[in-house]
Amino acid sequence: MPELPEVEALAGYLRERAVSRRVDRVEVAAISALKTYDPAPAAVSGRAVTDARRHGKFLDVVFEGDLHLVVHLARAGWLHYREAFPSGVPLRPGKGPIALRVRLDDGSGFDLTEAGTQKKLAAYLVADPATVPGVAKLGPDALAADLPTFAARIRSRRGQVKGVLTDQSVLAGVGNAYSDEILHAAKLSPFALTDRLTDDQVAALHGATGRVLGDAVSRSLGHRAAELKGEKRSGLAVHARTGLPCPVCGDTVREVSFADSSLQYCPTCQTGGKPLADRRLSRIVR
């Protein structure tokens with residue numbers, strides 16, 4: 105799932121490439137992806153792209169006249185920028201992974217795509233991003249929150265720290281991958297309970313959040329959209345690295361699997377050398 109650093113980089117890429125270009129037209133191939141009907145997509149035609157922003161993990165493309173295309177890429181969505189599209193060939197609804205296409209006046213533009221069968225990509229054409237339900241519920245931005253704000257938000261919800269850290273109403277922008285990386289950098293078990301964290305542990309978690317997300321944003325900016333997934337994978341220490349050595353201590357990265365997701369961690373760095381048991385089978389080690 106695209107998280108804060110990738111969405112920030114996509115917004116940056118659009119600011120460099122699309123701002124000042126006028127929209128030729130918007131084509132919707134997956135009707136289920138467009139969650140609004142007023143204004144209609146045709147309302148964007150002829151308007152210039154004026155900005156691209158981020159709200160947590162939501163991408164916000166801003167058009168002249170203060171219209172916003174707000175997109176949540178979900179687990180398998182992505183933005184593909186095209187320097188040129190086949191002329192005169194419209195999208196065929198329901199065919200292929202493309203959900204929505206924005207054509208610009210210089211022949212370039214971008215596709216919003218979604219792989220797999222779980223079609224959860226969501227696009228909203230609105231006058232105010234705050235009217236998008238997911239945006240309205242966002243907590244403070246994880247990269248921008250100072251320590252007092254961060255500590256108050258983490259302690260506002262009692263639960264396992266990984267789940268609280270990825271709750272977008274607590275802090276916006278962190279998902280499964282970067283929460284694994286942040287907890288590894290903070291030397292915390294993903295199952296540590298937020299109401300048992302010491303002040304020092306919360307400070308370490310705040311510092312790790314800033315470092316991990318800040319470094320990921322720095323690495324991602326300047327890359328083309330097509331390069332961002334590879335850049336993300338190259339910077340990961342534990343996430344999606346089950347069975348490989350931890351780059352900090354050399355211990356083997358381990359995994360805990362759930363019904364539709366998994367997490368990765370280093371026992372030596374995070375749990376005092378003790379492997380975490382599979383939550384589905386036995387009691388976990390905190």
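Start counting at 1 in the sequence shown, then tack on 104, and there's your number in this note's numbering. Note that CB positions come from ideal geometry on N, CA and C, so glycine has one too.
Nearest residue (CA-CA) to residue i, options the options
{"i": "residue 120", "options": "135, 133, 273 and 156", "result": "156"}
{"i": "residue 245", "options": "295, 288, 313 and 265", "result": "313"}
{"i": "residue 355", "options": "243, 372 and 332", "result": "372"}
{"i": "residue 348", "options": "364, 365, 369 and 363", "result": "369"}
{"i": "residue 236", "options": "301, 217, 108 and 176", "result": "176"}
{"i": "residue 258", "options": "308, 213, 211 and 234", "result": "308"}
{"i": "residue 216", "options": "352, 126 and 138", "result": "138"}
Unbroken alpha helix (DSSP H) run spanning residue i, endpoints
{"i": "residue 239", "result": "237–240"}
{"i": "residue 177", "result": "Neither: residue 177 is in no alpha helix (DSSP H) and is coded neither H nor E."}
{"i": "residue 114", "result": "108–121"}
{"i": "residue 195", "result": "Neither: residue 195 is in no alpha helix (DSSP H) and is coded neither H nor E."}
{"i": "residue 337", "result": "332–338"}
{"i": "residue 251", "result": "251–258"}
Buried versus exposed, by CB contacts within 10 Å (16 or more), residue i
{"i": "residue 202", "result": "buried"}
{"i": "residue 197", "result": "exposed"}
{"i": "residue 114", "result": "buried"}
{"i": "residue 286", "result": "buried"}
{"i": "residue 135", "result": "exposed"}
{"i": "residue 164", "result": "buried"}
{"i": "residue 209", "result": "exposed"}
Start and end residues, beta strand (DSSP E) containing residue i
{"i": "residue 213", "result": "213–218"}
{"i": "residue 306", "result": "Where residue 306 is concerned, there is no enclosing beta strand (DSSP E), although the alpha helix (DSSP H) it sits in stretches over 303–324."}
{"i": "residue 206", "result": "202–208"}
DSSP three-state assignment for residue i, whether helix, strand or coil
{"i": "residue 168", "result": "coil"}
{"i": "residue 361", "result": "strand"}
{"i": "residue 366", "result": "strand"}
{"i": "residue 131", "result": "strand"}
{"i": "residue 152", "result": "strand"}
{"i": "residue 375", "result": "coil"}
Identity of the residues DSSP links to residue i by a beta bridge
{"i": "residue 226", "result": "176"}
{"i": "residue 185", "result": "214"}
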